[in-house]
Amino acid sequence: MTAGEPAASGRTTKVLVVDDDLPLGRALAINLRAHGYEVTVVHDGRSALDAVAREKPATVVLDLGLPDIDGISVLEGIRGWSGTPVLVLSARSTSAEKVEALDAGADDYLTKPFAMDEFLARVRAAVRRGAATAGRPDEPESVVTADFTVDLAAHRVVRDGAPVRLTPTEWSLLELLVRHAGRMVPGKVMLTEVWGPAYDGETHYLRVYLAQLRRKLEPDPAHPRYLLTEPGMGYRFEQG
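See below:
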């Protein structure tokens with residue numbers, strides 16, 4: 001085993017492999033496991049987004065040619081709420097395609113076919129980058145909109161000069177969205193973060209609680225300006 005890989009620290013490092021090429025996915029998983037990684041393999045974009053939320057991997061290995069959602073869209077979905085390093089694998093080898101992936105948030109790009117030792121080295125580098133940047137978010141203490149202020153440090157919301165009474169669950173949802181302002185947070189991420197992994201299919205919880213938040217914060221709850229729905233995907237907070 002190469003020095004510096006997961007077993008050296010006594011902890012298992014999770015890697016998510018996303019590739020619709022089943023033999024390649026198996027080969028990657030076998031090699032990663034042989035080097036001490038804990039590996040989850042999925043074969044489509046929606047499963048990838050669900051697995052990132054559920055597994056919280058140290059690194060995502062992402063193929064761009066997926067059957068349901070284009071890999072760039074999956075990458076953008078991950079980047080909407082997570083800083084997890086993403087290593088893109090792709091047969092797309094033009095400069096424009098590489099630039100598109102890197103601009104969408106990829107940390108590295110490896111063109112197929114590739115040598116397994118180079119792949120493992122890229123994964124090690126991605127894991128190191130993720131560990132180096134973990135726990136150092138650059139977040140504001142408060143977010144001010146035209147209609148209300150969210151004080152993240154004090155855990156309160158003020159509207160028209162008066163505090164808004166939020167339940168703990170309402171606050172947790174609002175805080176999650178505000179800390180990722182301008183980015184789509186997948187519904188399953190919200191359910192997992194607020195209620196726990198056992199509730200990741202209870203999407204009606206989100207509809208109920210987002211409706212309550214809109215009644216308390218939106219000038220026109222029927223036409224929200226701040227708490228927006230991304231149909232079939234999740235929710236997004238816009239500062240306005």
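In UniProt numbering, the protein residues as written are 1 to 240. Ideal placement from N, C-alpha and C gives every residue a C-beta, glycine not left out.
Next item on the list: Over the uninterrupted beta strand (DSSP E) stretch that includes S142, give me the two end residues.
Entry: Unbroken beta strand (DSSP E) run through S142: 142-144.
Item checked: Inter-residue CB distance, E100 and I78 (contact presumed, cutoff 8 angstroms) -> That belief does not hold up - the Cβ atoms of E100 and I78 are roughly 15 angstroms apart, past 8 angstroms.
Check: In the structure shown, what three-state DSSP assignment does S95 receive?
Finding: Taken through DSSP and simplified to helix, strand or coil, S95 comes out as helix.
Item checked: A106 classed as buried or exposed, judged by whether at least 16 other C-beta atoms fall within 10 angstroms -> That one is buried.
Margin query: Once DSSP output is grouped into helix, strand and coil, what is the label at T111?
Written below: It is a strand residue.
Next item on the list: May I ask you to report which of helix, strand or coil DSSP gives G25?
Entry: In the structure shown, G25 sits in a helix (DSSP, three-state: H, G or I).
Notebook entry, point to check: Roughly how many whole angstroms lie between the Cα atoms of V189 and A53?
Noted result: Roughly 5 angstroms between the two C-alpha positions.
Note to self: If I measure Cβ to Cβ from S9 and keep anything under 8 angstroms in the same chain, skipping five residues before and after, which residues do I get?
What the structure shows: Confidence in S9 is poor, its pLDDT being 45 and thus under 50, which makes the residue's placement unreliable; the coordinate value appears in the next sentence. Result list for S9: empty, nothing under 8 angstroms.
Checklist line | E230 - DSSP class collapsed to helix/strand/coil | finding: Residue state, collapsed to three classes: strand.
Check: Alpha carbon to alpha carbon, what distance is there between R33 and V61?
Finding: Cα to Cα, V61 sits roughly 14 angstroms from R33.
Check: Given a threshold of 16 other Cβ atoms within 10 Å of its Cβ, counted over all protein chains shown, does P168 qualify as buried or as exposed?
Finding: P168 should be labelled exposed.
Notebook entry, point to check: Between L227, E38, G36, which lies nearest to T145 when the distance is taken from Cα to Cα?
Noted result: Residue L227 is the option with its Cα nearest to T145.
Next item on the list: For R46, I'd like the list of residues in its chain whose CB is within less than 8 angstroms of its CB, leaving aside the five on either flank, ordered along the chain.
Entry: Take R46, set aside five residues on each side of it, and the residues of its chain with a beta-carbon closer than 8 angstroms to its own are D68, I69, in chain order.
Next item on the list: Report the rounded CA-to-CA distance for L210 versus G234, giving the unit in angstroms.
Entry: Here the alpha carbons of G234 and L210 stand approximately 11 angstroms from one another.
Checklist line | Spatial distance of A181 from F237 (CA atoms) | finding: Rounded to whole angstroms, A181 and F237 show a C-alpha spacing of 5 angstroms.
Next item on the list: Going by CA-CA distance only, name the one from D44, V17, V42, H43 that's closest to N31.
Entry: Comparing C-alpha distances from N31 to each of D44, V17, V42, H43 shows the shortest one belongs to V17.
Notebook entry, point to check: To the nearest angstrom, how far is it from the Cα of V123 to the Cα of M116?
Noted result: In a straight line, the C-alpha of V123 is about 11 angstroms away from that of M116.
Margin query: Assuming V15 and V39 are in contact, meaning their beta carbons sit under 8 angstroms apart, how far apart are those beta carbons, in whole angstroms?
Written below: Contact flag correct, Cβ pair sits at about 5 angstroms.
Check: Since E175 and L191 are thought to touch, with beta carbons under 8 angstroms apart, how far apart are those beta carbons, to the nearest angstrom?
Finding: Not quite, the Cβ-Cβ distance comes to about 15 angstroms (not below 8 angstroms), so this is no contact.
Notebook entry, point to check: Going along the chain, which unbroken runs of the alpha helix (DSSP H) with 4 or more residues stay wholly within the region 142-180?
Noted result: Considered as a whole, the region 142-180 harbours 168-178 as its complete alpha helix (DSSP H) runs of no fewer than 4 residues, in chain order.
Next item on the list: Could you check if P6 is buried or exposed, using at least 16 other CB atoms within 10 Å of its CB as the buried criterion?
Entry: Confidence in P6 is poor, its pLDDT being 49 and thus under 50, which makes the residue's placement unreliable; the coordinate value appears in the next sentence. Classification for P6: buried.
Checklist line | Length at least 4, wholly inside the region 15-76: the alpha helix (DSSP H) runs in chain order | finding: Complete alpha helix (DSSP H) runs here, min 4: 22-34, 45-55.
Next item on the list: Could you round the C-beta distance between T94 and T59 to whole angstroms and report it? I think they count as a contact, below 8 angstroms.
Entry: So it is not a contact: roughly 25 angstroms between Cβ atoms.
Margin query: Please classify T13 as buried or exposed, where buried requires at least 16 neighbouring CB atoms within 10 angstroms.
Written below: The residue is buried, with at least 16 neighbouring Cβ atoms inside 10 Å.
Note to self: Between which residues of its own chain and E193 is the CB-CB distance below 7 angstroms, once the five residues before and five after are set aside?
What the structure shows: Listed in chain order, the non-local C-beta contacts of E193 below 7 angstroms within the same chain comprise L176, local neighbours out to five positions each way being set aside.
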